[in-house]
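Just so we're aligned, residue 7 is where the sequence shown starts under the working numbering, counting upward by one.
What follows is a set of notes on a single structure, which appears directly below.
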Amino acid sequence: MRHSALFLVPLLLLPLAHCSSETADSPKAAPAADGGDEDVAENDDGGPRLDPLPSGAKVDVLFVVDNSASMGDKQDLMAASLTRVFATFASADVHVGVISSSLHDGGDVCSRDNPRANDRARLLNKDKAGAVVAGAESGFLSFGPGGAVPDVATLQQRAAEIIRGVGETGCGLEAQLEAMYRFVAHPEPPAEIRLDDFRQAEPSGVDWELLAQRKAFFRPDSAVAIVMLTDEEDASIDPLAIGGFGYAFSARSFPGSSVNRGTSAQGTTAPRGTSICATDPTNEACISCGFSTTCDPNLPACQAIRNDANCKESPVQAQSGPGFDGFYGPTDDDLNVRMHDMKRRYGVEPRYPIGRYVAALSGRKLPDLAAEHPIITAAGSGQRVIGEYVQAETCSNPLFSTDLPQKEGDERCSLPPSGRDPRKVVFALIGGVPSTLLGAAPDWTKILGRDPGRYDTTGIDPHMLLSVTPRAPLSGADAPKGDNGADPIHGREWTTGKKDLQYACTFALPAPFECVGFERACDCDAESTANPPLCSGTTQVRAKAYPTARELWLAKELGGQAVVGSLCDLGTTGSYTAFFDDVARKLGGAFSQ
7 MRHSALFLVP LLLLPLAHCS SETADSPKAA PAADGGDEDV AENDDGGPRL
57 DPLPSGAKVD VLFVVDNSAS MGDKQDLMAA SLTRVFATFA SADVHVGVIS
107 SSLHDGGDVC SRDNPRANDR ARLLNKDKAG AVVAGAESGF LSFGPGGAVP
157 DVATLQQRAA EIIRGVGETG CGLEAQLEAM YRFVAHPEPP AEIRLDDFRQ
207 AEPSGVDWEL LAQRKAFFRP DSAVAIVMLT DEEDASIDPL AIGGFGYAFS
257 ARSFPGSSVN RGTSAQGTTA PRGTSICATD PTNEACISCG FSTTCDPNLP
307 ACQAIRNDAN CKESPVQAQS GPGFDGFYGP TDDDLNVRMH DMKRRYGVEP
357 RYPIGRYVAA LSGRKLPDLA AEHPIITAAG SGQRVIGEYV QAETCSNPLF
407 STDLPQKEGD ERCSLPPSGR DPRKVVFALI GGVPSTLLGA APDWTKILGR
457 DPGRYDTTGI DPHMLLSVTP RAPLSGADAP KGDNGADPIH GREWTTGKKD
507 LQYACTFALP APFECVGFER ACDCDAESTA NPPLCSGTTQ VRAKAYPTAR
557 ELWLAKELGG QAVVGSLCDL GTTGSYTAFF DDVARKLGGA FSQ
């Protein structure tokens, strides 16, 4: 049964965006992603031997850095981990750029007009003090023939300044994957996402500034390394999903909802999924209760939604009817944890499918903006009927093309092929995953479950479950603050109050800090009654990482193009040096093929 026949007008116009198995539509997976190398010869410094890149080899390195709260310590660690990998660039021709995870998607959480909540996937070039880093006046750093940086040591130092300058005051609904897609591969990156008269999302214009940056940054004959640093699940909302209302999941107040989280200023909650979603999210009857007010009551499927137990129940005592029935309660839909297990919880998946990002880093063709969602304008009303996302192949992939557009009037879609192929594109992820699940090769079943495309978590390690409640058989949720537990991976579970997620892993901070004032994000302030396994009194002594399932899923699908490291694995160096050693070897291999 296709639910699209049910609906007349929004709240939610079309059904089940991205509800089928994504693996069936994704590009064919390559060999397994790397989790590390063994039996590697040593340098004089005791570290693994790293061969320099060939003289004149062109390498474009793009850092995609999560800039949400709690990322400052991880940014510092990454900035301190670049020495050895940058040393391999000594004779190369290198570009280094940095973008953040903050991207406006039509909702008001990542506000279009707040510069820190919407970096637009454009290059960042400032340090912590807000000053443009020397040599990055063009938006990025360059070293080699005609480069703006004199030597590789200076390149490393200035790259570290920009990474630290990204900061941790960005949007809390991180769009790590879509920010990457927007800068690297989107054939027509929109200048803005606006809402039309029917409150449906509508991309507007073309971001020519971004396209000009892309053309200047990527050389058609370079190897490309995309290094992503993040401690949280990707929240790349497709604004046009669900009939143009995908953005509603990144809005403080959900359209049609009357259930306040606390005060009206805190916004309203989203609709629940039907009862079957909890146990079988791929079932055709798993859908949002939000459709109950807009479906055709003459259709049996509409009656099934309206009669579903989840959709008939109001979470607010003495309040019922439209806006109440079928919605989450005031404490059950905190924005901070909305972007997890969405099909099971909400009956719909409003985020872009992982196949979009696999195609961006390995495919020759991508959809232009119009081809992503088939649209029919309804006669009379003028309202758009917006179809589900389609991984069409209507435009050349800019990552594998030359003569890239940079100004209005330039050809954006039909581009000549470049000499680059997927073997020269590396996706390197430092994310939320226990290092014990990586080893020489990632154990993908323990990391993602049997089939993430069908929401099947059979075989998953409990540390990798995205959950606001304690995960069996893990324990310790009721331990007092200051007791950081004995689990060697994450310490213990904790009481989240349904406002946060359990951790994939934690690690000892090289430099613990006191939670005073508001200079940096902190989990151990005196006023908080929460008991995360990170604290010694009001001093934060440990850092956290949540399961970064979607980012890891992309790495799995990319196979041999990917390198995966754990945020919580500082090795013997107290940094991510071992991870960057793996990146250096992967880049070296790209020039030996």
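Glycine included, every Cβ here is placed at the ideal spot set by N, Cα and C.
>> Helix, strand or coil for A154? Go by DSSP, reduced to three states.
In response: Sequence index remark: in the sequence shown, residue 154 carries index 148 (1-based). Correct three-state label for A154: coil.
> Just the Cα atoms here: how many angstroms apart are H101 and P328?
Replying inline: For the purposes of this step, residue 101 is taken as residue 95 along the sequence shown, with counting starting at 1. For the purposes of this step, residue 328 is taken as residue 322 along the sequence shown, with counting starting at 1. In a straight line, the C-alpha of H101 is about 55 Å away from that of P328.
> Under 8 Å between C-beta atoms, does G565 make it to chain C?
Replying inline: You won't find chain C in this structure, because it holds only one protein chain.
> How would you write the range of the alpha helix (DSSP H) that Q219 sits in, first residue to last?
Replying inline: Taking the first residue of the sequence shown as 1, we reach residue 219 at position 213. Taken as a continuous stretch (DSSP letters only), the alpha helix (DSSP H) holding Q219 covers W214 to F223.
> Can you tell me where the beta strand (DSSP E) with G437 in it begins and where it stops?
Replying inline: Translated into positions along the sequence shown, residue 437 becomes position 431. Segment V431 to G437, the beta strand (DSSP E) holding G437.
>> Need the endpoints of the beta strand (DSSP E) that L235 sits in, please.
In response: Locating residue 235 in the sequence shown gives position 229, counting from the first residue. Run containing L235: A229 to L235, per the beta strand (DSSP E) assignment.
> Looking only at its own chain, which residues have a Cβ that is under 7 Å from the Cβ of E44, when we skip the five neighbours before and after it?
Replying inline: Numbered from its first residue, the sequence shown carries residue 44 at position 38. Interpretation of E44 is limited by its pLDDT of 45, a score under 50 that renders its predicted location unreliable; no figure is taken from the coordinates.
>> In the DSSP assignment, the beta strand (DSSP E) including G103 goes from what residue to what residue?
In response: Taking the sequence shown and counting its residues from 1, one reaches residue 103 at position 97. That run of the beta strand (DSSP E) goes D99 to S106.
> Which of the three DSSP states, helix, strand or coil, is assigned to P380?
Replying inline: Residue mapping note: residue 380 aligns to position 374 of the sequence shown, counting from 1. Here P380 sits in coil by DSSP.
> By a C-beta neighbour count over all protein chains shown, 10 Å radius and 16 as the cutoff for buried, is K80 buried or exposed?
Replying inline: If you number the sequence shown from 1, residue 80 lands on position 74. Label assigned to K80: buried.
> Does the distance from the C-beta atom of E239 to that of Y552 stay below 8 Å?
Replying inline: Numbered from 1 along the sequence shown, position 233 holds the residue referred to as residue 239. Numbered from 1 along the sequence shown, position 546 holds the residue referred to as residue 552. Taking 8 Å as the Cβ cut-off, E239 and Y552 qualify as a contacting pair.
> How many Å lie between D457 and L183 at the Cα?
Replying inline: Within the sequence shown, the letter at position 451 stands for residue 457. Within the sequence shown, the letter at position 177 stands for residue 183. Looking at the two C-alpha atoms, the distance is approximately 20 Å.
> Where does the unbroken beta strand (DSSP E) through T451 begin, and where does it stop?
Replying inline: As a first step, residue 451 must be located in the sequence shown, where it is residue number 445. No beta strand (DSSP E) contains T451, which is instead part of the alpha helix (DSSP H) from W450 to L454.
> Which whole-angstrom value describes the C-beta separation of L372 and P193, a residue pair presumed to lie in contact below a C-beta threshold of 8 Å?
Replying inline: The count along the sequence shown starts at 1 and reaches residue 372 at position 366. The count along the sequence shown starts at 1 and reaches residue 193 at position 187. Right, the Cβ-Cβ distance comes to about 6 Å (below 8 Å), so this counts as a contact.
> Starting from S210 and walking both ways along the beta strand (DSSP E), at which residues does that stretch end?
Replying inline: Counting from 1 along the sequence shown, the entry for residue 210 is found at position 204. Unbroken beta strand (DSSP E) run through S210: A207 to S210.
> On the premise that G491 lies in contact with L498, defined as a C-beta separation below 8 Å, what is that separation, rounded to the nearest angstrom?
Replying inline: Position 492 of the sequence shown, counted from the first residue, corresponds to residue 498. Position 485 of the sequence shown, counted from the first residue, corresponds to residue 491. Note on residue identity: the sequence assigns Arg, not Leu, to residue 498. At roughly 3 Å, the Cβ-Cβ gap stays under 8 Å, so R498 and G491 are in contact.
> What runs of the alpha helix (DSSP H), each 4 residues or longer, lie entirely inside the stretch 47-97?
Replying inline: 78-85 and 89-93
> So what does C401 bridge to, in DSSP terms?
Replying inline: Numbered from its first residue, the sequence shown carries residue 401 at position 395. According to DSSP, which records beta bridges pairwise, C401 is partnered with L372.
> Under a Cβ-count criterion, where at least 16 other Cβ atoms within 10 Å of its own Cβ denotes burial, should V570 be classed as buried or exposed?
Replying inline: The residue labelled residue 570 in the question sits at position 564 within the sequence shown. It counts as buried.
> Under a Cβ-count criterion, where at least 16 other Cβ atoms within 10 Å of its own Cβ denotes burial, should T4 be classed as buried or exposed?
Replying inline: The requested residue 4 is not part of the displayed model; the chain covers only 7 to 599.
> Rounded to a whole number of angstroms, what is the C-alpha to C-alpha distance between D587 and P440?
Replying inline: Within the sequence shown, the letter at position 581 stands for residue 587. Within the sequence shown, the letter at position 434 stands for residue 440. One C-alpha to the other measures close to 19 Å.
> Tell me which same chain residues have a C-beta within less than 8 Å of the C-beta of M7, skipping the five on either side of it?
Replying inline: If you number the sequence shown from 1, residue 7 lands on position 1. Summary for M7: the model assigns pLDDT 37, below 50, so the residue's position carries little reliability; its value from the coordinates is reported in the next sentence. Counting only Cβ-Cβ distances below 8 Å, and skipping sequence neighbours, we find E290 and A307.
> What residue from E167, I360 and G455 has the CA that sits closest to P468's CA?
Replying inline: Within the sequence shown, numbered from 1, the residue matching residue 468 stands at position 462. The residue with the shortest Cα to Cα distance from P468 is G455.
> At which residue ranges does the stretch 246-292 contain complete beta strand (DSSP E) runs of 3 or more residues, listed in the order of the chain?
Replying inline: none
> Is the beta carbon of C283 less than 8 Å from the beta carbon of G353?
Replying inline: Here residue 283 refers to the residue found at position 277 of the sequence shown. Here residue 353 refers to the residue found at position 347 of the sequence shown. In contact: C283 and G353 (Cβ atoms closer than 8 Å).
> Are the beta-carbon atoms of T535 and E520 separated by less than 8 Å?
Replying inline: Here residue 535 refers to the residue found at position 529 of the sequence shown. Here residue 520 refers to the residue found at position 514 of the sequence shown. Their beta carbons are not under 8 Å apart, which means T535 does not touch E520 by this criterion.
> So is G5 buried or exposed if we call it buried at 16+ other beta carbons inside 10 Å?
Replying inline: This structure leaves residue 5 out entirely; the chain is present only between 7 and 599.
> Roughly how many angstroms separate the alpha carbons of F297 and R312, rounded to a whole number?
Replying inline: On the sequence shown, position 291 is the one that residue 297 refers to. On the sequence shown, position 306 is the one that residue 312 refers to. Each residue's Cα considered, the two are about 9 Å apart.
> Cα-Cα, which of A63, R267 and N124 is closest to F95?
Replying inline: Counted from its first residue, the sequence shown places residue 95 at position 89. Among A63, R267 and N124, the Cα nearest to that of F95 is on A63.
> What distance in whole Å lies between the Cβ atoms of A127 and L216, which are believed to be in contact at a cut-off of 8 Å?
Replying inline: If you number the sequence shown from 1, residue 216 lands on position 210. If you number the sequence shown from 1, residue 127 lands on position 121. Indeed, because the Cβ distance is near 6 Å, the residues count as touching under 8 Å.
> What's the call for P600, buried or exposed, on a 16-neighbour Cβ count within 10 Å?
Replying inline: For the chain, the structure presents residues 7 to 599; residue 600 sits outside this window and is missing.
>> Measuring straight from C-alpha to C-alpha, what distance separates Q325 and P261?
In response: Taking the sequence shown and counting its residues from 1, one reaches residue 325 at position 319. Taking the sequence shown and counting its residues from 1, one reaches residue 261 at position 255. Looking at the two C-alpha atoms, the distance is approximately 18 Å.
> Just curious, the beta strand (DSSP E) that L515 is in, first and last residue?
Replying inline: Here the question's residue 515 lines up with position 509 in the sequence shown. Its beta strand (DSSP E) spans residues C511 to E520.
>> Please tell me whether I243 and G249 are closer than 8 Å, where the distance is taken between their beta carbons.
In response: Residue mapping note: residue 243 aligns to position 237 of the sequence shown, counting from 1. Residue mapping note: residue 249 aligns to position 243 of the sequence shown, counting from 1. Contact: no.
> For K34, which of helix, strand or coil comes out of DSSP?
Replying inline: For the purposes of this step, residue 34 is taken as the residue at position 28 of the sequence shown. Residue placement at K34 is poorly supported in this model, since its pLDDT is 38, which falls under 50; the coordinates still yield a value, given next. K34 falls in the coil class under three-state DSSP.
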